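**Student:** Chains S and A are the protein sequences, given in the same order. Position 26 of the first sequence, counted from 1, bears residue number 29 in the numbering used here, the numbering being contiguous throughout. Position 101 of the second sequence, counted from 1, bears residue number 104 in the numbering used here, the numbering being contiguous throughout. Next up is a structure, given as structure tokens.
Number of protein chains: 2
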Amino acid sequence: MKEVSIFSPATVANVSCAFDILGFAMENAGDEMVFRKTTQKGIRIVMKNFRELPAQPEQNVAGVVALAMIEKSQPDFGILIEIKKGILPGSGMGSSGASAGGAAFGVNRLLGEPFTQTELVQFAMLGEALASGVAHADNVAPNLFGGFTLVRSTSPLDIIPLHTPPSLSVSVLHPLIEVKTKNARNILKKSLLLKDAVLQWGNIAGLVSGLFMEDYGLIARSMHDGIVEPVRSMLIPLFDELKQAALEAGALGCSISGSGPSVFALSDNGAVAKNVTRALKKVYAGREVPYETFTSAIGQQGCRVLTKSNNG
Amino acid sequence: MKEVSIFSPATVANVSCAFDILGFAMENAGDEMVFRKTTQKGIRIVMKNFRELPAQPEQNVAGVVALAMIEKSQPDFGILIEIKKGILPGSGMGSSGASAGGAAFGVNRLLGEPFTQTELVQFAMLGEALASGVAHADNVAPNLFGGFTLVRSTSPLDIIPLHTPPSLSVSVLHPLIEVKTKNARNILKKSLLLKDAVLQWGNIAGLVSGLFMEDYGLIARSMHDGIVEPVRSMLIPLFDELKQAALEAGALGCSISGSGPSVFALSDNGAVAKNVTRALKKVYAGREVPYETFTSAIGQQGCRVLTKSNNG
């Protein structure tokens, strides 16, 4: 294969109660990336949009991933990566995760797929470390594995793809304001009460069980976060109103996507998700904060090939 | 039905990482109870062993449960309850839960089964409140529902029976020393670090996923408790040696049963569980602490009828 173009999905990490351990991929929101073999060795990055992002491979989220992979596999060719971002950086929808996971996926294809899925996540985590200072996996794991993905442990890395009910759908409202992952992390309390932790892990166990049993009522009852959401939601304009509107429109639950500012809501099917997106929009209509919205099925597949070619 | 005799299983609550939310029933360790209609109204308790336990219904764990149930349903008969305990009080194997859950199950049969499973758990929790001062459900829920049972929330009560891999088996060593549930609760720290909570809930999600997927490796990797076990294990003679011996003998994981002092280990089949029980015994052999052991399948069923009769 000389060239492959791929779709690298946006991801929702944390998923309400499951801070730092759970995420899922979106079906139709994400980046497009093209990977092309070059006779000139090394990695070159071309940003098709967001040209203010660094194109130097060592400073680019996709670049550091690709560099580590060719360092390991020593191919006799170089790779040109074109990136057309569909997810705005700083949205909380796994923008850096999409660049990092997509790079791991695409480079692996050009190399002849020498690496396992888990190894790809490990490479992709280098991109997350560059982007946010923390080599977290809760975006890149669902970006690569698809569906709902549990990161049981980061060290050692242990990724568990969970059963994902096929009709489950997501609505996202992204307020176009900047919340840095680092800041969103720093405002969290460093400790919590044991009794609050017990409530939280009851909900986590309930959410995971609800996914396996396709029990939407249980998923809805479990989507409560008493630890992170109450703190981070203060950074999101009209969060309480968005959440109330989503639930009234039929969503199973609503919380912060990643570290924000995007807000996501899960629904048990696509028609309800469309209504929920409309309800979210209504809350922001006529307000001063610009925004964008997405409605999507859960991406069962993660990164996927769009086209490939053997003609250089 | 004039009379019913039942088996009410021992239960293992907490299950390593899942403090206060998870428990499972044992197949072959438990109490036997007989429920007999009497013309004299009200509840009478006869202790067939452990006669030092109070037989006054208002002070008896089974008694308070039965009293609440006849208060609610107002039958035109009374009930005599004979209790033959197979689980020592204070063992950490759900002894009070077996009396309370068994009472709810047996009385419900004599009444013509007017109550749902969840209502039975609510009645049984009254017995737990009498025994330990806390109306917890993580023993009575698996005692009544069988298998692995999640208590997602106590208020409102939300019980989720989980998929339980059929070959999963348990070994228990019960050191014959007294650890009061109340004391075992008081020594716990009231707060914990967020990063430790995240490790714990990753393992909880892993354990629940492992049960649904029948993935024994995942169950093994998830059975780590960094919060409660390090504190409570100090009250259990040779805990570290027991755990090491269990794991070396092939157990998937090993931790404290309920609030102790019993130690349990899970194995992926009955033959390994037998080996594990032998290994646990070996640790205590020749030591000054008396003990008893159990080896059992997971009780898929919970409380069950042994015999019934329509002849008064």
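Note that CB positions come from ideal geometry on N, CA and C, so glycine has one too. Values in this document were obtained by computation on a predicted structure and should not be read as measured data.
1. According to DSSP, T157 (chain A) sits in a beta bridge with which residue or residues?
2. When you check each C-beta in the region 5-24 of chain S against every C-beta of chain A, which residues fall closer than 9 Å?
3. Work out the CA separation of L133 (chain S) and P317 (chain S) for me, nearest whole Å.
4. DSSP three-state call for T167 (chain S): helix, strand or coil?
5. Check G273 (chain A) in the structure and name its three-state DSSP category.
6. Compare the Cα-Cα distances from I162 (chain S) to each of S:E217, S:N142, S:G209 and report the closest residue.
7. I want to see whether chain S comes within less than 7 Å of G209 (chain A), judged by CB atoms only; does it?
8. Does any residue of chain S bring its CB to less than 7 Å from the CB of S156 (chain A)?
9. Given this structure, state the Cα-to-Cα distance separating V308 (chain S) from L147 (chain S), to the nearest angstrom.
10. Any beta-carbon of chain S closer than 7 Å to the one on V234 (chain A)?
11. With DSSP collapsed to three states, give me the class of G220 (chain A).
12. Is DSSP giving R307 (chain S) helix, strand or coil here?
13. With distances taken between CB atoms, is the gap from P145 (chain A) to F53 (chain A) smaller than 7 Å?
14. Can you tell me whether P92 (chain S) is helix, strand or coil according to DSSP?
15. Going straight from the alpha carbon of V202 (chain S) to that of D199 (chain A), what length do you get?
16. For S102 (chain A) and G136 (chain A), what's the separation of their Cα atoms in angstroms?
17. Is G33 (chain S) helix, strand or coil when you go by DSSP?
18. Using a Cβ-Cβ cutoff of less than 8 Å, which residues in the same chain neighbour S312 (chain S) once the five nearest sequence positions on both sides are dropped?
19. Roughly how many angstroms lie between the CA atoms of G109 (chain A) and T310 (chain A), to the nearest whole one?
20. I'd like to know if G93 (chain S) contacts chain A, where contact means its C-beta is closer than 7 Å to some C-beta of that chain.
21. Note down the Cα distance separating V292 (chain A) from L160 (chain A), rounded to an integer number of angstroms.
22. Taking the alpha helix (DSSP H) that K246 (chain A) belongs to, which residues open and close that run?
23. Across which residues does DSSP place R39 (chain S) in a beta bridge pair?
24. For the alpha helix (DSSP H) that contains L70 (chain A), what are its first and last residues?
25. Taking the straight line between their C-alpha atoms, what separation do you get for L214 (chain A) and K75 (chain S)?
26. Residues of chain S with a CB under 8 Å from the CB of R224 (chain A): which are they?
27. Here's the rule I'm using: 16 or more other beta-carbon atoms within 10 Å means buried, otherwise exposed. How should T14 (chain A) be labelled?
28. At a Cβ cut of 8 Å, what residues of the region 165-196 of chain A count as close to chain S, listed as they run along the chain?
29. In this structure, how does DSSP classify R54 (chain S) when only helix, strand and coil are distinguished?
30. Could you give the residue range of the alpha helix (DSSP H) that holds P293 (chain A)?
31. Alpha carbons only, please: which of A:G256, A:R39, A:L283, A:F297 is nearest the one belonging to A248 (chain A)?
32. Check whether the Cβ of S99 (chain A) lies closer than 7 Å to any Cβ atom in chain S.
33. Less than 7 Å between CB atoms is the rule here; does G205 (chain A) satisfy it with respect to chain S?
34. Using alpha carbons as the reference points, say which of S:M226, S:S236, S:D218, S:A32 lies closest to G205 (chain S).
35. Counting C-beta neighbours from all protein chains within 10 Å, is the total for E181 (chain S) 16 or more, i.e. buried, or is it exposed?
36. Give the residues of chain A in contact with A28 (chain S), contact being defined as C-beta atoms less than 7 Å apart.
**Tutor:** Checking against the coordinates, here is how it stands:
1. DSSP, once it has assigned bridges, lists A:L160 as partnering T157 (chain A).
2. For the region 5-24 of chain S, which is checked against every Cβ of chain A, the residues closer than 9 Å are C20, A21, F22, D23, I24.
3. Because chain S here runs from 4 to 315, residue 317 (chain S) falls outside it and cannot be looked at.
4. In this structure, T167 (chain S) counts as coil in the three-state DSSP scheme.
5. Here G273 (chain A) sits in helix by DSSP.
6. Closest option to I162 (chain S), judged by alpha-carbon separation, among S:E217, S:N142, S:G209: S:N142.
7. With 7 Å as the cut-off, G209 (chain A) counts as an interface residue toward chain S.
8. Yes, S156 (chain A) lies at the interface with chain S (some Cβ there is under 7 Å from its Cβ).
9. Roughly 12 Å between the two C-alpha positions.
10. Taking Cβ atoms only, chain S never reaches closer than 7 Å to V234 (chain A), which makes this a no.
11. Looking at G220 (chain A) - three-state DSSP - the assignment turns out to be helix.
12. Note: R307 (chain S) maps to strand in three-state DSSP.
13. Result no, Cβ atoms of P145 (chain A) and F53 (chain A) do not sit closer than 7 Å.
14. If DSSP states are grouped into helix, strand and coil, P92 (chain S) belongs with coil.
15. Going by the sequence as given, residue 202 (chain S) is Leu instead of Val. One Cα belongs to L202 (chain S), the other to D199 (chain A), and the distance between them is close to 15 Å.
16. Using only the alpha carbons, I get a separation of about 16 Å.
17. G33 (chain S): strand per DSSP, three-state reduction.
18. Taken in chain order, the residues that qualify are M4, K5, E6, V7.
19. About 11 Å.
20. For G93 (chain S), the answer is no, since every Cβ of chain A falls outside 7 Å of its Cβ.
21. Each residue's alpha carbon lies about 39 Å from the other.
22. Element bounds for K246 (chain A): 242-251.
23. Its beta-bridge partners are S:E6, S:L83.
24. Residues 64-76.
25. The alpha-carbon of L214 (chain A) is positioned some 37 Å away from that of K75 (chain S).
26. Result: R155, S156, D161.
27. T14 (chain A) comes out buried.
28. Residues are counted here when their Cβ sits less than 8 Å from a Cβ of chain S; for the region 165-196 of chain A these are L165, H166, L191, K192, K193, S194, L195, L196, given in chain order.
29. Coil, per DSSP.
30. Bounds of any alpha helix (DSSP H) do not take in P293 (chain A), whose DSSP letter is neither H nor E.
31. It is A:L283 whose Cα lies nearest to the Cα of A248 (chain A).
32. Answer no: the Cβ-Cβ gap between S99 (chain A) and chain S never drops below 7 Å.
33. Closer than 7 Å: yes.
34. Answer by Cα proximity: S:M226.
35. By the Cβ-count criterion, E181 (chain S) is exposed, with fewer than 16 other Cβ atoms from all chains shown falling within 10 Å of its own Cβ.
36. In chain order: nothing, as chain A lies at least about 18 Å away.
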